[in-house]
Amino acid sequence: MRRTFSGAFAFDMTPSLPRRPRWRSLALLALCLAPLLWPLQHLAERYYRSELVSQNRQTLDLYVANLLGTLHRYETLPQILGDLPALRATLASPDPQTVDHANRLLKNISEQTGAEVMYLLDPSGNTLAASNWEKKDSFVGRNFAFRPYYSDAIAGRLGRFFGMGTTSSKRGYFFAAAVHEGQRVVGALVVKVDLDHTESLWGKTPEQLLLTDQHGVVILTSRPEWRFRATRPLTEEEHQAIVSIQPYPTQDPQPLDLDEQAWLMQTHPIAETGWNASILAPRALIDRPVRTVLAIGGATLLVLMLLLGLMMQRRRNYLDRIAFEAKARRELEIRVSERTSDLEALNSRLKQEVLEREQAQQELVRVQDEVVQAGKLSVLGTMSASISHELNQPLAAIRSYAENAEVLLDHQRTDDARGNLKLIGELTGRMASIIAHLRAFARRDRHALESVALQPALDDALALLAKRRRAMAVELIRDLPDAPLWVQAGETRLRQVLSNLLANALDALTEKANPRCLWINAEHTDNGVELLIRDNGPGFTRESLARAREPFFTTKTRTQGLGLGLAICDTLMRALGGELLLANHPQGGALLTVRLRSAPPGVNLQPPEDPSA
Ligand code: ADP
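First residue of the sequence shown? That's 3 in the numbering used here, and the numbers climb one at a time after it.
Below, the structure is given as structure tokens:
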């Protein structure tokens with residue numbers, strides 16, 4: 003029945019529920035979240051594109067304004083210079099003096115205004131004077147009638163033309179105006195503005211400049227390899243025009259194939275010149291920050307995803323645990339209820355058994371009682387004969403005291419006689435006790451047990467036999483502790499036992515020659531109190547040792563002994579919960595051991611015996 007629940011109710015706490023692999027959940031989550039990156043990319047691209055566009059528009063506007071500003075500075079110069087008398091004089095009479103004067107004047111003005119070259123053409127397009135007259139690549143003497151600005155100027159319009167200098171190989175913008183003499187055109191003045199430096203102004207930025215003329219040919223650019231390349235297919239007329247007016251170093255501009263995917267192009271048309279200024283921003287300028295944004299967004303999504311995954315995982319674990327605990331609880335409850343019903347069945351079986359045992363016990367007690375009672379009656383039957391024996395000694399003492407009292411009264415010793423009478427009274431009380439005890443012995447009820455001090459009981463027993471002992475000169479050797487030895491007994495029954503044993507000892511010493519000794523000692527043992535009564539008489543014979551407890555066994559003459567003393571003592575000792583042991587001492591003589599149970603000092607276990615009972 004003593005089963006531990008730990009073994010019976012131990013569960014395997016490892017959840018055994020099937021689990022979906024974590025990577026699959028995460029991949030699923032990633033698939034769901036990935037489309038969120040697309041709008042993010044779209045938004046980032048739009049934002050960075052608009053930022054770039056607005057920034058580049060400003061740059062382009064600034065560049066165009068700067069370019070136009072440069073051109074405007076020189077736009078009116080040919081007309082104004084055409085009115086200078088020195089130049090008119092040169093046209094009128096181009097002699098060395100006037101030409102030299104004109105050369106110096108043009109050089110002077112050119113230096114002051116910053117124009118690259120200024121030169122004076124006669125009506126046929128020949129250069130009469132030029133600001134670079136003294137340079138190696140001087141225009142003087144060269145004919146520019148093939149240039150459109152010449153024909154425009156001669157026709158009375160402001161000649162404007164971009165072209166590469168055929169002499170200087172420098173790009174420039176040409177303004178030309180007619181020089182009038184009255185209504186007549188006598189020549190033309192041309193101002194060439196250097197445009198090379200406007201290209202170098204662009205600087206080294208990732209964005210590239212692209213300035214195309216009316217033919218779509220690149221004339222100014224921040225990328226030298228794009229220079230003089232055609233951004234669109236040229237028509238036949240345009241080809242012919244290029245051949246005739248020679249604006250570029252080549253007569254057949256090669257096409258410029260720009261990868262439109264790689265560049266983001268913004269164009270600003272310059273109506274005044276028929277040009278288009280474009281700024282080309284590498285797409286990488288947008289792609290890079292967009293990629294960064296995407297990376298950050300992706301990382302954020304990933305973190306969110308992981309957090310979500312973690313939360314899902316924890317939630318799953320939590321649900322698993324709850325389910326598992328619920329299952330374990332259910333199993334526990336089932337087992338507990340099973341075990342409870344087992345225990346209940348066992349309990350009722352035990353109750354039944356206890357009931358049966360109690361009944362058997364009662365039956366046993368009843369039978370035992372009957373047996374004891376029958377035994378007692380048989381003992382009593384035999385004991386009736388011993389009453390005289392039990393009462394004989396006090397009676398003999400009473401007689402002796404009475405006879406003695408008589409003698410004392412004769413001698414007027416009333417006090418001593420009163421002492422004897424008192425002793426007689428005590429002895430009759432003792433006899434009454436013995437008779438009551440014998441009556442009680444025969445009765446069915448149990449005698450009450452109490453705490454009795456051993457020494458006083460022993461003293462009483464010795465007192466009864468004191469006279470006889472003195473007469474026999476028996477030496478008493480006592481070895482008893484001073485402190486009372488409390489034993490569990492009935493006072494009368496204990497005295498009865500002790501008196502019997504001491505009387506037997508004196509009987510045994512009767513035949514013995516001196517010295518006659520009687521040893522009495524007592525001590526506490528593990529099981530209670532042990533009293534030893536030893537004499538140096540003949541001791542038990544082999545037969546008497548075996549049969550001394552039998553009623554009527556005696557080795558004495560009929561007048562001396564009835565053979566009931568030890569039989570009663572043995573019965574009484576067992577009734578007191580003790581025992582009586584008979585033996586012979588190794589040095590001769592009988593050794594009787596009285597074993598009694600210890601009792602608490604002076605406390606009655608039950609109400610004391612009623613001597614009258
Ligand atoms: P009774 O004294 O009337 O003979 P008991 O029952 O007291 O009856 O004793 C039975 C017998 O035990 C005695 O007759 C005697 O032979 C023997 N006996 C008892 N006490 C002693 C003793 N102290 N020494 C020797 N023999 C003893």
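Ideal Cβ positions, reconstructed from N, Cα and C, are used throughout, including at glycine.
With the cut-off set at 8 Å, would you say residue i and residue j are in Cβ contact?
i: ARG495; j: LEU429; result: no
i: VAL193; j: ALA117; result: yes
i: ALA46; j: VAL295; result: yes
i: PHE141; j: ARG162; result: no
i: ASN586; j: PHE542; result: yes
i: LEU594; j: LEU578; result: no
i: LEU467; j: LEU504; result: yes
i: ALA475; j: ARG518; result: yes
i: TYR250; j: VAL292; result: no
i: LEU93; j: MET120; result: no
i: ASN278; j: PRO284; result: no
i: ILE288; j: LEU54; result: yes
i: ALA507; j: ALA592; result: yes
i: ASN523; j: LEU534; result: yes
i: GLU618; j: LEU520; result: With the chain running from 3 to 615 in the structure shown, residue 618 is simply not present.
i: VAL195; j: THR302; result: no
i: GLN216; j: GLY276; result: yes
Is any heavy atom of ligand 1 found at a distance shorter than 7 Å from the C-beta of residue i?
i: LEU568; result: yes
i: ASP509; result: yes
i: PRO603; result: no
i: PRO588; result: no
i: ALA550; result: yes
i: ASP629; result: No information on residue 629 is available, as it lies outside the stretch 3 to 615 that the chain covers here.
i: THR430; result: no
i: ALA653; result: Residue 653 lies beyond the residue range present for the chain, which begins at 3 and ends at 615; the question has no answer from this structure.
i: THR559; result: no
i: SER501; result: no
i: ASN538; result: no
i: THR512; result: no
i: SER600; result: no
i: THR556; result: yes
i: GLY580; result: no
i: ASN394; result: no
i: SER546; result: yes
i: ASN506; result: yes
i: GLY541; result: yes
i: GLY427; result: no
i: GLY565; result: yes
Between which residues of its own chain and residue i is the CB-CB distance below 6 Å, once the five residues before and five after are set aside?
i: ASN128; result: ASN145
i: GLN557; result: Per the sequence presented here, residue 557 reads as Thr, with Gln not at that position. Counting only Cβ-Cβ distances below 6 Å, and skipping sequence neighbours, we find SER546.
i: ARG173; result: MET166, LEU197, ASP198
i: ALA419; result: ALA407, LEU410, LEU411
i: LYS514; result: GLY539
i: PRO150; result: PHE163, ILE247
i: GLN81; result: ALA179
Using a Cβ-Cβ cutoff of less than 8 Å, which residues in the same chain neighbour residue i once the five nearest sequence positions on both sides are dropped?
i: SER402; result: LYS469
i: THR223; result: GLU201, GLN210, LEU211, LEU212, LEU213, ARG229
i: LEU86; result: LEU107
i: SER126; result: ASN145, ALA147
i: PRO458; result: PRO486
Beta strand (DSSP E) containing residue i: first to last residue?
i: HIS270; result: 265-272
i: ALA548; result: Where ALA548 is concerned, there is no enclosing beta strand (DSSP E), although the alpha helix (DSSP H) it sits in stretches over 544-549.
i: THR214; result: 210-214
i: ALA91; result: No beta strand (DSSP E) contains ALA91, which is instead part of the alpha helix (DSSP H) from 87-94.
i: LEU574; result: First-last for LEU574: 567-577, but that is the alpha helix (DSSP H), not the beta strand (DSSP E).
i: GLU581; result: 581-586
i: GLU183; result: 173-183
Can you tell me where the alpha helix (DSSP H) with residue i in it begins and where it stops?
i: VAL66; result: 39-77
i: LYS109; result: 98-115
i: GLU239; result: 238-247
i: ASP509; result: 493-512
i: ALA131; result: Careful: ALA131 lies outside any alpha helix (DSSP H), inside the beta strand (DSSP E) at 129-132.
i: PRO284; result: Note, PRO284: premise wrong, no alpha helix (DSSP H); beta strand (DSSP E) at 277-284.
i: SER153; result: 150-156
i: ASP198; result: 198-202
i: ARG470; result: 456-474
Give every residue of the same chain whose Cβ lies closer than 7 Å to the Cβ of residue i, excluding the five residues on either side of it in the sequence, and list them in chain order.
i: GLN60; result: none
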